[in-house]
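Here's the structure, in structure tokens; my notes come after.
Chains as they are written, first to last, in UniProt numbering: chain G, 1 to 526; chain W, 1 to 526.
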């Protein structure tokens, strides 16, 4: 009986693509071996008394061990809880406390974080090189190295907890730049269907991040960000070789791409920038592979650099609180600015997803290409709200729709452009100024590495934009002003959008998700 | 709230691909119009008191009206019951009686059949040209022409019966060549998921019947055969123009392909043969389009003729009692015999489907490329049995698996070859002789149009094969024997497989599903 539960995907991969490789740091196993190891992990957890509904914390880089644990959880009917180790400790404590995690699987290099989490869980199992030598960590808790934990599992059949597709599978936390992370529970059917629809959408269209049955996939998006945008699920589903980069630096990522024949990856724009910088440092002008990017706006300057380096891409739109919603799947391959712009912004809803632009009163705005409103999303894989936060649930999940908090425009051809977060948009003299549009323009200036535009309170206009740029020494304020003036003359920018101030800095502060930390910039500059 | 029900597919098509065409005989509408008409059909049925669980009989060729009704049924939570008008009347009576159909939508050219069915239903609505003038038909029943029926619907919103994906959506009858048709009930989730997985599988692989976002689809498989193998579902899902051929003859089908730019079709091998014959008669040597074929073995001779005519194909395996299970998705494009053979027979399970070859005792046979056993199939869209037939259910649906009644071989590379029906296979001296293998060899002989091999009772061996050929006058028994002897010499055939007799006839009898009627051949020749 097929139940539509997550571990059926790895089961089928072991059966149909048993010899296909899973590469993780120094380890090279097959899907058949990964399945056997996941069964052992499930049996070992079962022996510890872990079962249906128990929450399993996973604090790790993208490794084969973390991969296995995600499938082992499914067999037991347990709930996978991937944790973002880059978050501040107090947020991690909140997450583990809220999840009531019973067991924590943690990378041994993260011992100091684990020490603080250890009082909250019953068991700790060390991933990676083995148990931490530092016995100060996780005092008084049962401690095991994962490989010993596996080899201690009694042989036997796959645990069958009778799980069905409507049972909960995972607990995901947002990585909000302000406030506490919010939690969503997803069912097996959500975590099976949404990643598969990404794969199907990319297979059906002639597009930058097209997926075929010959690709080799390396997710640079961490598992704790919406299950690495589904890559560890659709790769075994499609029988594709999976390369898990562990702690690889951008330079090491380049070597992995070449050595393992990686043809497809996913990453946020910041990671793409770092990869391009590493290529530059390595004297490499070209690296042909496909990238699915998203999570924040892809500036045109970066898009154009990637394009020239041989990288073909599509942009995905979604988030922890809605999974995936839309992708750019433009057939344009030429590198003109219009095409790159479309390829970076013209989102097509993923099949089964509906999108709607709403006014502040909730009425639907016309698909005219210029009416800006909040983007609402409806899909089969929306969660039923934020765990334990009824008021946030009420304001975000309305009549089966999710209010994304993003500003967007609907075009007459059925595509959508997300312009900014509602809370990042600047209201000046009663009119919207969209920071992402300015940031994209600023990124075109030679020597500008990253650009951020934020609102500064203004007595007369309410708010006015200011720009903060991470740029090379060759860039000064007058270069920037000249470029923006030209954009005004060319009709690409309204004059009242011109920033009141331009700050040049060495680096922009980033959030743990690799996005520019605008909260911090507001504190410093506004 | 997205519920995963069938009519969401047409709703989304109207929203995303509203101007894409649906062509049906003399009618040309858009998906947006088809949605509006389906809403009207649902409202008109609602006004008649038809609602949740009521069964809707549809007796029609592939038309836009039948298409709309399939989606209207979904809105009401009613059950669509497509009826095979080619079946004998007593079987149709059995089907409508078993379904307890409340309303019958019938093509006006089928008035004589409808007369017999009319006492069984509450309402009759005429499709096609309008109501039958013959007032003998459907005496005493409310009679309406479909277009009047639609225009009588009160305006208003889409009916919402609160249907969910686990609710029943359709009632399908098998078209068994012997015995009464058996019935299966399928849920919305089955009829959404299975066709979409066909589309996704064909999109992901480089194969003959590859589907892209640019195709134009014309299903020659009738709606009453497993919903035309999903084509009227995945075409709107993908936003593809849909051409419904109505009563088009093979010659008219060729003209439709050319006039409407059809690039993708589905058909059984007999239809493919008729299309190639029509091309020959029209003096057309080439027609470039893609075909998904199946339903019976594709003989190598026919495969090769199609290939030479520019037709690229894949083979699908499935049936009314299991929906779809597997497809050939070979990347081979060259026309060598080995490649054509692989393209016709090496089946890869559709994602989420499991296949297993079992001995008569139910044990799994090895994937060694030669152990012949019964094919068992497991998938998320299996029905829960035959309606009202517990004993047939018990013998066919075992532990979540469906026993297909087909003989097959599993290959070491994970592919499967279906060799024949268990009941058609010939047991001679304790060994299997597979008619389909002989039939394929016989089809290679120039001038042989169709070949059938059946078993004849034999005192010494139990059974022996005999061959019946529909061939041109140029073919005689000695040509056939020479060809088979050569196959034995070349190691393609075991000597004991040589048929004991060869009969040459003008035409082979076909079932309503276009397969050779072996039951009738056995009566005449065995």
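Beta carbons are placed, not taken as given, at the ideal position from N, Cα and C, and that holds for glycine. Note that the structure is predicted; figures quoted are calculated from it, not measured.
Indicate the three-state DSSP secondary structure (helix, strand or coil) for residue 121 (chain W) in the structure shown. coil
- Message: If contacts are defined as beta-carbon pairs under 8 Å, then residue 213 (chain W) and residue 80 (chain W) qualify, I think. What distance do you get, rounded to the angstrom?
- Response: That pair is no contact at about 27 Å.
DSSP three-state assignment for residue 381 (chain W), whether helix, strand or coil: coil
Self-check item: chain W contacts made by the segment 370–400 of chain G, where a contact means CB separation under 9 Å
Solution: 378, 379, 380, 381, 382, 399, 400
Report the residue from G:16, G:418, G:424, G:433 whose alpha carbon sits nearest the alpha carbon of residue 496 (chain G). G:433
| Looking at residue 24 (chain G) and residue 244 (chain G), is the spacing between their C-beta atoms short of 7 Å? | yes
State yes or no: is the beta carbon of residue 70 (chain G) nearer than 7 Å to at least one beta carbon in chain W?
no
Limits of the beta strand (DSSP E) - the one that residue 431 (chain W) falls within
431–433
Tell whether a beta-carbon distance below 7 Å holds between residue 326 (chain W) and residue 317 (chain W).
yes
Please list the terminal residues of the continuous beta strand (DSSP E) segment that includes residue 168 (chain G). 168–173
_residue 72 (chain G) and residue 42 (chain G) - do their beta-carbons sit closer together than 7 Å?_
yes
Original post:
Would residue 219 (chain G) pass as a contact of residue 228 (chain G) if the rule is Cβ separation under 7 Å?
Top reply: yes
Please list the terminal residues of the continuous beta strand (DSSP E) segment that includes residue 107 (chain W). 103–107
Handout entry: Own chain residues within Cβ distance below 7 Å of residue 413 (chain G), not counting five before or after
Key = none
Rounded straight-line distance, which links the Cα of residue 253 (chain W) to that of residue 284 (chain W): 13 Å
Return no unless some Cβ of chain W is closer than 7 Å to the Cβ of residue 200 (chain G). yes
Could you check whether the Cβ of residue 241 (chain W) sits closer than 7 Å to any Cβ belonging to chain G? no
Where the alpha helix (DSSP H) through residue 180 (chain W) begins and ends: Element bounds for residue 180 (chain W): n/a, residue is neither H nor E.
Report the rounded CA-to-CA distance for residue 156 (chain W) versus residue 75 (chain W), giving the unit in angstroms.
14 Å
* Short Cβ contact (7 Å threshold) for residue 66 (chain W) with residue 35 (chain W) -> no
Check your understanding: Taking Cβ-Cβ distances shorter than 7 Å, what residues in chain G pair up with residue 414 (chain W)?
Key -> 16
* Asked: Between the segment 190–201 of chain G and the segment 234–251 of chain G, are three or more C-beta pairs nearer than 8 Å?
  -> yes
Please state the DSSP three-state secondary structure of residue 372 (chain W).
coil
*asked:* What would DSSP say about residue 328 (chain W), mapped onto helix, strand or coil?
replied: strand
Which of the three DSSP states is assigned to residue 62 (chain G) in this structure?
strand
| request: Could you name the residues that DSSP lists as bridge partners for residue 503 (chain G)? | output: G:468
> In three-state DSSP terms, what is residue 497 (chain W)?
Replying inline: helix
- prompt: Hey, residue 5 (chain W) and residue 188 (chain W) are a contact pair by Cβ (cut 8 Å); roughly how many whole angstroms apart?
  reply: 4 Å
Among G:343, G:150, G:250, G:448, which one has its Cα closest to the Cα of residue 277 (chain G)? G:250
Assuming the contact rule is C-beta atoms closer than 8 Å, residue 54 (chain G) and residue 102 (chain G) should be a hit. Round their C-beta distance to whole Å, please. 5 Å
What does residue 4 (chain G) touch in chain W if you count any residue whose Cβ is under 7 Å from its own? 380
- Task: Name, please, each residue of chain C whose Cβ falls closer than 8 Å to the Cβ of residue 1 (chain W).
- Result: The chain labelled as chain C is not found among the protein chains of the depicted structure, namely G and W.
Sort W:464, W:472, W:460 by Cα distance to residue 451 (chain W) and report the nearest one. W:472
Is there a Cβ from chain W that is less than 7 Å from the Cβ of residue 213 (chain G)? yes
**Asked** Taking buried to mean at least 16 other C-beta atoms within 10 Å of its own C-beta, is residue 40 (chain G) buried or exposed?
**Response** buried
What's the gap between the Cα of residue 443 (chain W) and the Cα of residue 128 (chain W)?
-> 39 Å
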